[in-house]
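Chemist:
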Amino acid sequence: MMMARNAKQELVNFVVRRALDPVMKAKPDGRPEAERRRLEHVQDATRSEIERYRGYGSAQEVVVNFRRDLNSRAAEKVHADLKALHLPTINDIEDEFDAKVEDLGVQVSS
Numbered sequence: 001m002m003m004a005r006n007a008k009q010e011l012v013n014f015v016v017r018r019a020l021d022p023v024m025k026a027k028p029d030g031r032p033e034a035e036r037r038r039l040e041h042v043q044d045a046t047r048s049e050i051e052r053y054r055g056y057g058s059a060q061e062v063v064v065n066f067r068r069d070l071n072s073r074a075a076e077k078v079h080a081d082l083k084a085l086h087l088p089t090i091n092d093i094e095d096e097f098d099a100k101v102e103d104l105g106v107q108v109s110s
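Heads up: the sequence shown begins at 1 in UniProt numbering, then just goes up one per residue.
As structure tokens, this is what we get:
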């Protein structure tokens with residue numbers, strides 16, 4: 001069971017470090033008002049996303065939800081805003097995420 005918990009933790013840390021932290025660390029300084037509001041909105045959404053990822057019970061759950069988030073309608077709007085702000089989205093790390101899932105030997109039934 002320890003191995004599985006570590007896999008979940010590693011996947012969550014990877015997603016947070018590579019895609020979500022850069023959004024949270026982005027500064028509003030020097031951005032026009034509309035961009036500041038957009039940044040605030042995506043940071044709120046990202047904060048919830050970090051909580052959601054940390055709350056998943058297993059590595060499998062992380063993988064299933066990561067894949068769902070790539071194309072969900074709710075995520076599309078946030079991803080468009082992130083791109084407009086030149087910030088990363090989880091789509092940018094999809095290949096690396098899949099490689100990590102494989103490295104960790106996480107099995108997900110499709």
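Built from N, CA and C at the ideal position, the CB exists for glycine as well.
#1: Nearest by alpha-carbon distance to Glu49: which of Gln60, Ala19, Arg36 and Arg31 is it?
#2: Are three or more beta carbon pairs between the region 92–105 and the region 27–44 nearer than 8 Å?
#3: Which of the three DSSP states is assigned to Ala26 in this structure?
#4: What does the alpha-carbon distance come out to for the pair His41 and Asn6?
#5: Determine the extent of the alpha helix (DSSP H) in which Asn65 is found, giving its start and end residues.
Modeler: Quick answer:
#1: Position 49 of the sequence shown, counted from the first residue, corresponds to residue 49. Of Gln60, Ala19, Arg36 and Arg31, the residue nearest in Cα terms is Ala19.
#2: When Cβ pairs closer than 8 Å are counted between the two stretches, the region 92–105 is seen not to touch the region 27–44, the count staying below three.
#3: In the sequence shown, counting from the first residue as 1, residue 26 sits at position 26. In this structure, DSSP gives Ala26 a state outside helix and strand, which the three-state scheme calls coil.
#4: To locate residue 41, count along the sequence shown from 1; it is residue 41. To locate residue 6, count along the sequence shown from 1; it is residue 6. Their backbone Cα atoms lie some 31 Å apart in a straight line.
#5: For the purposes of this step, residue 65 is taken as residue 65 along the sequence shown, with counting starting at 1. Element bounds for Asn65: Ala59 to Asn71.
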